[in-house]
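Numbering (the working numbering), first residue to last: 438 to 569.
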């Protein structure tokens, strides 16, 4: 088992190993930033990573960050792991890492608000002004 903090120094082969990266992401979501570009752009891989920890969305490709299904899975990942031990995680929302289109999706924003009321500040301006 590789410590997530040490993953930065792992071999390129290990950074391309799906299971090794997922194991490290399970320890700490930010490990994903050291994974290969191919993995960070692989939608199916990211679906699994955000299931482990929704904040892993932060290190996915911009296209994937704008994928409604992936963002919803990331929100579900936060429900399973609401507090990662990092005091800053209490102030974050998966929406902070979601793409612009997804931040304007009312269903996504409502789901995010169920996990963390602070998600409101990451919703689109349009939805922030929506009285419903």
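Built from N, CA and C at the ideal position, the CB exists for glycine as well.
Open item on the list: How far does the alpha helix (DSSP H) with residue 562 in it extend, from its first residue to its last?
Closed with: As a position in the chain shown, residue 562 is number 125, starting the count at 1. It spans 562-565 - the alpha helix (DSSP H) in which residue 562 sits, taken as one unbroken run.
Task: Pick from 530, 508, 513, 497 that is closest to residue 542, judged by C-alpha positions - done: Here residue 542 is taken as the residue at index 105 of the chain shown, counted from 1. For residue 542, the nearest C-alpha among the options comes from 508.
Task: Environment of residue 470 [buried if 16+ CB atoms lie within 10 Å] - done: In the chain shown, residue 470 corresponds to position 33, counting from 1. With fewer than 16 Cβ atoms within 10 Å of its Cβ, residue 470 is classed as exposed.
Task: Delimiting residues of the alpha helix (DSSP H) encompassing residue 544 - done: Taking the chain shown and counting its residues from 1, one reaches residue 544 at position 107. Here the alpha helix (DSSP H) through residue 544 covers 543-552.
Open item on the list: Once the 5 residues before and after residue 451 are set aside, which same chain residues still bring their CB inside 6 angstroms of it?
Closed with: The residue you call residue 451 lines up with position 14 of the chain shown. Only 457 meet the Cβ criterion.
- [ ] Identify, in the order they occur along the chain, each residue of the same chain with its Cβ nearer than 6 angstroms to the Cβ of residue 478, setting aside the five sequence neighbours on each side.
- [x] Residue mapping note: residue 478 aligns to position 41 of the chain shown, counting from 1. Excluding residues within five positions, the ones whose Cβ falls inside 6 angstroms are 498.
TODO: Verify whether the separation of the beta carbon atoms of residue 505 and residue 546 is less than 7 angstroms.
DONE: In the chain shown, counting from the first residue as 1, residue 505 sits at position 68. In the chain shown, counting from the first residue as 1, residue 546 sits at position 109. Not closer than 7 angstroms, so no.
Task: Continuous alpha helix (DSSP H) stretch holding residue 482: start and end - done: The residue given as residue 482 occupies position 45 in the chain shown. Taken as a continuous stretch (DSSP letters only), the alpha helix (DSSP H) holding residue 482 covers 480-489.
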